[in-house]
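Number of protein chains: 2
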Amino acid sequence: MRVAVIGLGSIGLGMAASLRKAGHDVVGVDLAAARRAEFEALGGRASASAAEAANAAACVFCVVVNAAQTEAVLFGPQGIAEAMPRGAVFLSCATLPPEAARALGERLGALGRHYLDTPTSGGPAKAMAGEITIMGSGAPAAFDAAQPALDAVAAKVYRLGDAPGAGSAMKLVNQLLAGVHIAAACEAMAFAVRLGLDPRGVYEVITHAAGSSWMFENRVPHILDGDYAPKSAVSIFTKDLGIVLDTARANQFPTPMASMGLQMFEMAAAAGMAQDDDASVARVYARLAGLKLPGTDS
Amino acid sequence: MRVAVIGLGSIGLGMAASLRKAGHDVVGVDLAAARRAEFEALGGRASASAAEAANAAACVFCVVVNAAQTEAVLFGPQGIAEAMPRGAVFLSCATLPPEAARALGERLGALGRHYLDTPTSGGPAKAMAGEITIMGSGAPAAFDAAQPALDAVAAKVYRLGDAPGAGSAMKLVNQLLAGVHIAAACEAMAFAVRLGLDPRGVYEVITHAAGSSWMFENRVPHILDGDYAPKSAVSIFTKDLGIVLDTARANQFPTPMASMGLQMFEMAAAAGMAQDDDASVARVYARLAGLKLPGTDS
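The listed protein sequences derive, respectively, from chains A and B.
If you read the first sequence in the working numbering, its first letter stands for residue 497, the second for the next number, and so on.
If you read the second sequence in the working numbering, its first letter stands for residue 497, the second for the next number, and so on.
Right, dumping it as structure tokens:
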């Protein structure tokens, strides 16, 4: 199957590589030459032109940062909406407000191309292994058409509804939880250090107790190692919890836990850690309280 | 081994029963005749007098509500501190501020009795199965002396330090996480319903995604079933997050996530749900936003 992957960031690159590995005819697109070179180093074919790549593609995965970029890919000056073959499937993988997914889906559908609302979960390693999770919604026929490509990138594809919107809504629910859990993990670990507990002992106990979470298990090792090189950056969560709060406000719905979680990531960003690992929220507490975390100077 | 269990609430009752099952000579103590009758119905021996029960006990488990009750059990008008045999071990199982555990430990130690700081994790079912988790600290010799009794009640006993305080500190770290995770789970589920998602679908996706937590997995089924009969009540978390915040403040340490979590449980309590299941926080969101949760009228 001819597939285009637009956006060769850490997730897009992994997805493009997984599609190649599964035998698809893949073109990876990125405006940045360095990103294209990364894909080419893996044996892939890269292009700077999305329209050219989309021209003969049966499926186009759009793995960009946000709704504005997704809209630009489809309908901007070099937009691909009409370059895509009629009946081709556009898979939107960024985290979008559900209403944006619905609007883009209607606009593309009116042109006779399919829009699937397919945000992803799972980091770069899962993308490279072809094992991401997709929280999807859209027309069953479009899912069926895209199935060979979805099989190549995902361990699990949830079909959550017959129209765009539900996939993005589910992604927001997941990000609300994930963001709050990271902030809570960082608060708990810093509090533990303040109380004189051994951080490795805390990790051992909590991961076997009712206080555990997927994020606690995954992120606290970064704190224990004093390793804040970004596996997933603070800026991802200022963005995604920002979308959660925008969407909640648009729906007149109070989300105090997510609101406080966002504030913790904003504090980390304000402290100059926006591009550091999201476990850096622990360093915000440590800096405020003059604590010594493992492997750090302060 | 002669063992006394003071406080036959849901956890104490299960621990007393587990100790009996393991062959220990157990006296269960509660001021409430109904609680004593429950233990007697399981074949146990019960008493209203803690001092009498402690008189010949090698180990005394104190499974009461808080620090004030624990102090009263030891040093109140009918306190057992001097009734316990010299060298006997007192195991404090309530959630206490670490400084309270340290102070009680020093006071009891000065009288020649051992104090172990042994708060528990795991609910009534685990207690009845003899499989609770103990987050403990205190003199190794006291742990060794109490080992046969600990083996009867716990699947896992963590020894986190040689003096009282560390066990209680670890329990607070766990409760901070557990409380925040329950509040986040309730916020996320109500938000999902507001966005039009199917709650059972959300549970299926999230429990397989990075947004999951032990508490999400454990409590959300109560929401899906519309079952708010208390497996663990809102009042437990207004109490325990209250201790977290008191302890944080005493240590000049900011805990914004726990603070917001406590507010959510306070809202539930204010709405008349203090004795309902802690998943009732979801009903606070639903009531505010006029949502229909599964199995509820509003």
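Using N, Cα and C, we set each Cβ at its ideal position, and we do this for glycine too.
Which of helix, strand or coil does DSSP assign to residue i?
{"i": "S543 (chain A)", "result": "strand"}
{"i": "T703 (chain B)", "result": "coil"}
{"i": "C795 (chain B)", "result": "Not covered by the structure: residue 795 (chain B). The range shown for chain B is 497 to 794."}
{"i": "V556 (chain B)", "result": "strand"}
{"i": "K517 (chain A)", "result": "helix"}
{"i": "R779 (chain A)", "result": "helix"}
{"i": "T614 (chain A)", "result": "coil"}
{"i": "K667 (chain A)", "result": "helix"}
{"i": "G608 (chain A)", "result": "coil"}
{"i": "D774 (chain A)", "result": "helix"}
{"i": "A635 (chain B)", "result": "coil"}
{"i": "G697 (chain B)", "result": "helix"}
{"i": "G768 (chain B)", "result": "helix"}
{"i": "G524 (chain A)", "result": "strand"}
{"i": "F687 (chain B)", "result": "helix"}
{"i": "R582 (chain A)", "result": "coil"}
{"i": "G791 (chain A)", "result": "coil"}
{"i": "D658 (chain A)", "result": "coil"}
{"i": "G601 (chain A)", "result": "helix"}
{"i": "P644 (chain A)", "result": "helix"}
{"i": "P726 (chain B)", "result": "coil"}
{"i": "G692 (chain B)", "result": "coil"}
{"i": "G675 (chain B)", "result": "helix"}
Use the C-beta contact count for residue i: other C-beta atoms within 10 angstroms, 16 or more gives buried, fewer gives exposed.
{"i": "A729 (chain B)", "result": "buried"}
{"i": "E446 (chain B)", "result": "For chain B, the structure presents residues 497 to 794; residue 446 (chain B) sits outside this window and is missing."}
{"i": "L789 (chain A)", "result": "buried"}
{"i": "E700 (chain B)", "result": "exposed"}
{"i": "G583 (chain B)", "result": "exposed"}
{"i": "A528 (chain B)", "result": "exposed"}
{"i": "P660 (chain B)", "result": "buried"}
{"i": "P594 (chain B)", "result": "buried"}
{"i": "G632 (chain B)", "result": "buried"}
{"i": "R690 (chain A)", "result": "buried"}
{"i": "A623 (chain B)", "result": "buried"}
{"i": "A705 (chain B)", "result": "buried"}
{"i": "A621 (chain B)", "result": "exposed"}
Between which two residues does the beta strand (DSSP E) harbouring residue i extend?
{"i": "I628 (chain B)", "result": "I628 to G632"}
Apart from the five residues just before and just after residue i, which ones in its own chain have a Cβ nearer than 8 Å to its Cβ?
{"i": "P636 (chain A)", "result": "R655 and D658"}
{"i": "D721 (chain B)", "result": "P790 and G791"}
{"i": "S708 (chain B)", "result": "I702"}
{"i": "L784 (chain B)", "result": "none"}
If I measure Cβ to Cβ from residue i and keep anything under 6 Å in the same chain, skipping five residues before and after, which residues do I get?
{"i": "L607 (chain A)", "result": "A577"}
{"i": "H718 (chain A)", "result": "D773 and A775"}
{"i": "G634 (chain A)", "result": "L612, D613 and P660"}
{"i": "E627 (chain A)", "result": "A651"}
{"i": "A744 (chain B)", "result": "T751"}
{"i": "A662 (chain A)", "result": "S633 and L656"}
{"i": "E713 (chain B)", "result": "T703"}
{"i": "L587 (chain B)", "result": "F557, L612 and T614"}
{"i": "F571 (chain B)", "result": "A577"}
{"i": "D521 (chain B)", "result": "R498"}
{"i": "I678 (chain B)", "result": "M711, R715 and D774"}
At what residues does the alpha helix (DSSP H) containing residue i begin and finish?
{"i": "H718 (chain A)", "result": "W710 to D721"}
{"i": "V561 (chain B)", "result": "That residue, V561 (chain B), is in no alpha helix (DSSP H); it is neither H nor E in DSSP."}
{"i": "I502 (chain B)", "result": "It is not in any alpha helix (DSSP H) - I502 (chain B) instead sits in the beta strand (DSSP E) that spans R498 to I502."}
{"i": "R655 (chain A)", "result": "Not the alpha helix (DSSP H): R655 (chain A) falls in the beta strand (DSSP E), residues A650 to R655."}
{"i": "G505 (chain B)", "result": "Premise fails: G505 (chain B) is in no alpha helix (DSSP H) and is neither H nor E."}
{"i": "A529 (chain A)", "result": "A529 to A537"}
{"i": "P752 (chain A)", "result": "P752 to A764"}
{"i": "M624 (chain B)", "result": "P620 to M624"}
{"i": "G572 (chain A)", "result": "Taken as a continuous stretch (DSSP letters only), G572 (chain A) belongs to no alpha helix (DSSP H), as it is neither H nor E."}
{"i": "S731 (chain A)", "result": "V730 to A746"}
Which same chain residues, not among the five before or five after residue i, have their C-beta less than 7 Å away from its C-beta?
{"i": "V736 (chain B)", "result": "The question names Val, yet the displayed sequence has Asp at residue 736 (chain B). Contacts found: T591, Q671 and G675."}
{"i": "S543 (chain B)", "result": "V523, V525 and A549"}
{"i": "P726 (chain B)", "result": "Q771, D772 and D773"}
{"i": "A778 (chain B)", "result": "C682, M685, A686, I719 and L789"}
{"i": "E534 (chain A)", "result": "L504 and L509"}
{"i": "V569 (chain B)", "result": "I502, A546, C558, V560, G575 and I576"}
Hey, is residue i close to the ligand SAM, as in C-beta under 7 Å from one of its heavy atoms?
{"i": "E578 (chain A)", "result": "Judged by which ligands are present, the structure shown has none, so any question about the ligand SAM falls away."}
Inset, instruction - Determine contact between the region 664 to 675 of chain A and the region 642 to 649 of chain B, defined as no fewer than three beta-carbon pairs at a distance below 8 Å. - result: With a cut-off of 8 Å on Cβ pairs, the region 664 to 675 of chain A is not in contact with the region 642 to 649 of chain B, counting fewer than three such pairs.
Inset, instruction - Determine, using beta-carbon pairs with one atom in the region 552 to 563 of chain B and one in the region 505 to 523 of chain B, whether at least three such pairs fall under 8 Å. - result: At 8 Å Cβ cutoff, the stretches touch.
Legend entry - Any 3 or more C-beta pairs closer than 8 Å across the region 757 to 774 of chain A and the region 685 to 695 of chain A: In short, these stretches do not touch, since the Cβ pair count stays below three.
Legend entry - Three CB pairs or more closer than 8 Å across the region 746 to 759 of chain A and the region 497 to 512 of chain B: Verdict: no, contact absent.
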